[in-house]
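In the numbering used here, the protein residues as written are 1 to 337. Cβ coordinates follow ideal geometry from the N, Cα and C atoms, glycine included.
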Amino acid sequence: MSSGVSYGYAVARCRTMELRLLDAQAFSRLLDAYDITSFFKILSETSYGKYIASKDDCNIDAVLEQVLQDTYNEFDSFLPDENLTAILKLPYDFHNIKVILKSILAAQTASEKRWGLLTYLGSVAPEAFVEAFETERFTDLPKFFAKLCEEIWQPLQDLKVDMLELEQKLDKAMYAQMLTLAEELKSNEIVEWVKLKIDVENLRSLLRLKRFAFSKKKALPFLCDGGNVPVRNLIHLLDEDVLLWESYLEYEKIGRVFEKVKLLGNFSKDIIALECAIDNFLLETIKQSRYSADSPANVLAFLWGKEIEVKNIRVIYVSKSLAQSKEEVRGLLRDGF
Numbered sequence: 001m002s003s004g005v006s007y008g009y010a011v012a013r014c015r016t017m018e019l020r021l022l023d024a025q026a027f028s029r030l031l032d033a034y035d036i037t038s039f040f041k042i043l044s045e046t047s048y049g050k051y052i053a054s055k056d057d058c059n060i061d062a063v064l065e066q067v068l069q070d071t072y073n074e075f076d077s078f079l080p081d082e083n084l085t086a087i088l089k090l091p092y093d094f095h096n097i098k099v100i101l102k103s104i105l106a107a108q109t110a111s112e113k114r115w116g117l118l119t120y121l122g123s124v125a126p127e128a129f130v131e132a133f134e135t136e137r138f139t140d141l142p143k144f145f146a147k148l149c150e151e152i153w154q155p156l157q158d159l160k161v162d163m164l165e166l167e168q169k170l171d172k173a174m175y176a177q178m179l180t181l182a183e184e185l186k187s188n189e190i191v192e193w194v195k196l197k198i199d200v201e202n203l204r205s206l207l208r209l210k211r212f213a214f215s216k217k218k219a220l221p222f223l224c225d226g227g228n229v230p231v232r233n234l235i236h237l238l239d240e241d242v243l244l245w246e247s248y249l250e251y252e253k254i255g256r257v258f259e260k261v262k263l264l265g266n267f268s269k270d271i272i273a274l275e276c277a278i279d280n281f282l283l284e285t286i287k288q289s290r291y292s293a294d295s296p297a298n299v300l301a302f303l304w305g306k307e308i309e310v311k312n313i314r315v316i317y318v319s320k321s322l323a324q325s326k327e328e329v330r331g332l333l334r335d336g337f
């Protein structure tokens, strides 16, 4: 299946932009940093330097968000189809919607709104979502979000609304839309990647649900349809020891997640290891597109690699704040692009 659109130029731009990504040596230096000050000094010697110089207080979250925002904006300026970046921006849009809904509910009980948690990494400016909900006018939002926000607004008028159920509905809508955007691109590689992302997110959810001894019936609403493995098949993992999950998924594509991680039956360690393995699995899967000189999946691979790079930088920064050992931190880092 082909989109009929040439991505040769976009792929060539990706190859050039790969030179800006941090290599293993750069991450090794960041890990060796003595403290936060030396961490920022080392980071300033990389492609992140101009962002650090422009921030008076060296707020790492502000720096990393600006880096990602500029990266997405740069791609949007030359990509033939905005759906490519929209797939990865979608979780940020839904994050903003959840923050706003929770703030609205909090305001009903005289609690403070938390607009500081909003991000500009989505396809829709957070102010547009805030205005839409505060004025109860959703028609100015993009069609998909206008319809979704109007649907969830009515139940929100009831003070007894179950925020957990609302979040479940939003998660299902998000993954369904990611799959729709992928299918519109007419790229088998991207469609397959989104399906695998749905599978692994369901796997992550199951591990968390098993920790709290959820029944299959109670856990089912937390899982999202659209992946390669039907939800009705995955839900049975709740009845099995986590040490046996690998064998039950041996013949599924997501079974490859366990090639680099072995669940130990210790939730605190297992969830961290699984999250790292999931990110690595998704990157390794989409990176196979690099063998094609004009596949749009190359763009998705680069952007996911950039997201992972930013995540690794944040992990190292936090480790310096907590004075964690380098050995501890290495176990939290994802593979590089």
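Query, Result
"Phe-144 versus Ser-292: straight-line alpha-carbon distance, rounded", "32 Å"
"CA nearest to the CA of Tyr-9, picked from Lys-89, Leu-322, Ser-295", "Ser-295"
"Thr-46 - DSSP class collapsed to helix/strand/coil", "coil"
"Span separating the alpha-carbon of Gly-226 from that of Val-191", "10 Å"
"Nearest-angstrom Cα separation, counted from Leu-283 out to Leu-300", "9 Å"
"Short Cβ contact (8 Å threshold) for Val-67 with Tyr-92", "no"
"Uninterrupted alpha helix (DSSP H) stretches inside the stretch 201-239 (no shorter than 4 residues)", "216-219, 231-234"
"Val-124 CB to nearest heavy atom of the ligand NAD below 7 Å", "No copy of the ligand NAD appears in this structure; indeed no ligand is present at all."
"Buried or exposed by the 16-neighbour rule on C-beta atoms within 10 Å, applied to Ser-289", "buried"
"Run of the alpha helix (DSSP H) containing Asp-280, from where it starts to where it stops", "First, the amino acid is wrong: residue 280 is Asn here, not Asp. Here the alpha helix (DSSP H) through Asn-280 covers 267-287."
"Span separating the alpha-carbon of Arg-29 from that of Phe-337", "17 Å"
"Helix, strand or coil at Arg-334 [DSSP, three-state]", "coil"
"For Arg-334 and Asn-280, believed in contact at Cβ under 8 Å, the rounded distance", "6 Å"
"Straight-line gap, Leu-322 to Ala-273 (C-alpha atoms, nearest Å)", "20 Å"
"Trp-115 versus Pro-126: straight-line alpha-carbon distance, rounded", "9 Å"
"Residue environment, Gly-305, which counts as buried when at least 16 other CB atoms sit within 10 Å", "buried"
"Distance, Ile-36 Cα to Lys-98 Cα", "32 Å"
"C-beta contact flag for Phe-78 and Arg-13 at 8 Å", "yes"
"Beta-carbon contacts of Leu-332 that lie in its chain and below 6 Å, excluding the five residues immediately before and after", "Val-315"
"Chain-order list of residues whose beta-carbon lies under 7 Å from that of Asp-270 (same chain, five-residue window excluded)", "Leu-207, Val-242, Leu-263, Leu-264"
"Pick from Ile-313, Ser-325, Ser-319, Lys-326 that is closest to Ala-26, judged by C-alpha positions", "Ile-313"
"Burial state of Asn-266, where buried means 16 or more other Cβ atoms lie within 10 Å", "exposed"
"Backbone secondary structure at Val-11 - three-state DSSP", "helix"
"Residue of Ser-268, Leu-117, Glu-201, Glu-167 minimising C-alpha distance to Phe-212", "Ser-268"
"Residue range of the unbroken alpha helix (DSSP H) whose run includes Thr-135", "126-135"
"C-alpha distance - Ala-219 paired with Ile-42, whole-angstrom precision", "45 Å"
"Run of the alpha helix (DSSP H) containing Lys-169, from where it starts to where it stops", "163-185"
"Limits of the alpha helix (DSSP H) - the one that Lys-253 falls within", "Run containing Lys-253: none; DSSP gives neither H nor E here."
"Cβ-based burial, Met-163 [other Cβ within 10 Å; buried from 16]", "exposed"
"Status (buried if at least 16 other CB within 10 Å, exposed otherwise) for Ala-106", "exposed"
"Contacting residues, own chain, Cβ-Cβ under 6 Å from Ala-173 (five flanking each side not counted)", "Leu-148"
"Environment of Ser-123 [buried if 16+ CB atoms lie within 10 Å]", "buried"
"Residues of its chain near Cys-58, where Cβ-Cβ distance is below 7 Å and the 5 sequence neighbours each way are ignored", "Phe-40, Ile-52"
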